[in-house]
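Numbering (my numbering), first residue to last: 7 to 284.
Beta carbons: idealized from backbone N, C-alpha and C, even for Gly.
Note that this is a predicted model, so its numbers are computed, not measured.
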Ligand SMILES: NC(=O)c1ccc[n+]([C@@H]2O[C@H](COP(=O)([O-])OP(=O)(O)OC[C@H]3O[C@@H](n4cnc5c(N)ncnc54)[C@H](OP(=O)(O)O)[C@@H]3O)[C@@H](O)[C@H]2O)c1
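Set out below in structure tokens:
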């Protein structure tokens, strides 16, 4: 049987493909634009769109387990297609936001909850990966670091426990290749709490030149982010930063419990992606 990775062009999806190949698994991969994928020849590649369940028909032949993103317009129709094709287990990249109080009313929490609930109702075996904020969110700072050696931020003292995308992929690979995580929903975080200011300083440390933080108002930050990110996300990002000032976000030990290894640090993430900032 093959394992299907939906979104193989993504940071997490691409790392899942690599991890499965390392284990000698038979891997299929999809993308809405498969021509942009550069994968080893043994990976069978298909065009498929989560918004169009019928587009998965060919990709699902002989597939027992699927990794997928939770960006689903109509999860019920997609999951019915999976079940009909013989899929047994889905591993969904969800979010720790589903565990927060008031998640059902929160823009971010509710969109993941809706998908998780549809998966449970589908009767398929499932694993929900629930990461907190990604270390890769710092990639948004690359232009400021490269240009002015400065990162404008409204809430530099916001505290996060950023997670490396490779850690999420490692847990996905365990879920896709064993039965250890059937029915599990591990919350995944990085190993340390860092303010945004400390993250910026670490980037400077790794690339060997200081990077300043320029304090902004919310309005300035909102205007800047709106050039790259849809409005609804701008509000969410700024709200998350505001609420994280002085916070003590929980640190999860699930990565180590599941893989037996220490989770990767933010510094490690910057080292792995230093070219973004040079
Ligand atoms: N950033 C955070 O702090 C954070 C925290 C918790 C959860 N998350 C969640 O993690 C995900 C982002 O992970 P990432 O960094 O790996 O993402 P990424 O690098 O931006 O890749 C996103 C992937 O999703 C696939 N995709 C999106 N819409 C699709 C559709 N309609 N049909 C098929 N594939 C689709 C894309 O595939 P193609 O374009 O190739 O089709 C792409 O491979 C998001 O769902 C986000 O909400 C993020």
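For residue 224 against residue 160, the beta-carbon gap comes to about 5 angstroms, under 8 angstroms, which counts as contact. Within a 10 Å sphere around the beta-carbon of residue 168 sit 16 or more other beta-carbons, which makes this residue buried. Nearest C-alpha to residue 259 among 252, 253 and 267: 267.
Per DSSP, residue 148 is one residue of the alpha helix (DSSP H) stretching across 148–153. Taking residue 253 as the centre and dropping the five residues before and after it, the same chain places the C-beta of 165 closer than 6 angstroms to its C-beta, in chain order. In the three-state reduction of the DSSP assignment, residue 85 falls in the helix class.
Assigned with DSSP and collapsed to three states, residue 261 falls in helix. In the structure shown, the three-state DSSP call for residue 17 is helix.
DSSP places residue 179 within a helical segment (H, G or I) once states are collapsed to three. Spanning the alpha carbons of residue 52 and residue 222 requires a straight line of approximately 44 angstroms. According to DSSP, residue pairing for residue 8 in a beta bridge involves 69. Of the heavy atoms belonging to ligand 1, none sits nearer than 7 angstroms to the Cβ of residue 35. A direct Cα-to-Cα measurement between residue 146 and residue 204 gives close to 16 angstroms. Taking the Cβ of residue 75 as the reference point, at least one heavy atom of ligand 1 falls within a distance shorter than 7 angstroms.
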